[in-house]
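All residue numbers for the sequence shown refer to the UniProt record's numbering, where the first residue is 1 and numbers rise by one.
Presented below is the structure to which this report refers.
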Amino acid sequence: MVHQNIVTVYDFGESGGFYYLLMEYVDGVNLRQAMQAGRITPEQALTIVPPVCEALQYAHERGIVHRDIKPENLLLNKQGQIKIADFGIAKMVGHAEPNEEANSHPQEGHTTLCGGTP
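Structural data, given as structure tokens:
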């Protein structure tokens, strides 16, 4: 996924028994850190919401649900741009392939895991 408000994942996989995730570096802090430091005014908070919603809509249009939106996963770079991180537990939403249905849990419906953190 390429979106200005989503941290870009360049690669992921397994090597030598270890899983890795190669992603964009965001030079800044997460939203929780910014709030605790008193760096977010109510006016600034209101400017964060639309780009987060647009990025989530972008992901949803591609069948991806984040499943863990929280201040720690919203990164604010030094220019004030917000980026959603940690799509590692995201799910691809849609119909499973026949061989995937046997591996899915009944409570999850027809979904498959999207690559990322194990």
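Just so you know, even glycine gets a beta-carbon here, dropped at the ideal spot from N, CA and C.
Quantities reported herein were computed from a predicted structural model and do not represent experimental measurements.
Asked, Found
"In whole angstroms, give me the CA-to-CA distance for A59 and N77.", "21 Å"
"Please classify K70: is it buried, with 16 or more other beta-carbons within 10 angstroms of its beta-carbon, or exposed?", "exposed"
"Under 7 Å: does the beta carbon of L56 sit that close to some heavy atom of the ligand NAP?", "This structure simply doesn't include the ligand NAP, nor any ligand for that matter."
"Could you say which of I48, Q33 and G38 lies nearest to E72 if we only look at CA atoms?", "Q33"
"Let me check understanding here. Comparing Cα to Cα, which of A85, C53 and Q81 lies closest to D68?", "A85"
"Tell me whether F18 is buried or exposed, calling it buried when 16 or more other Cβ atoms sit within 10 Å of its Cβ.", "exposed"
"Can you list, in chain order, the stretches of the alpha helix (DSSP H) that have 4 or more residues and sit fully within the region 2 to 46?", "31 to 36"
"Could you please give me the residues that DSSP links to L75 through a beta bridge?", "N30 and K83"
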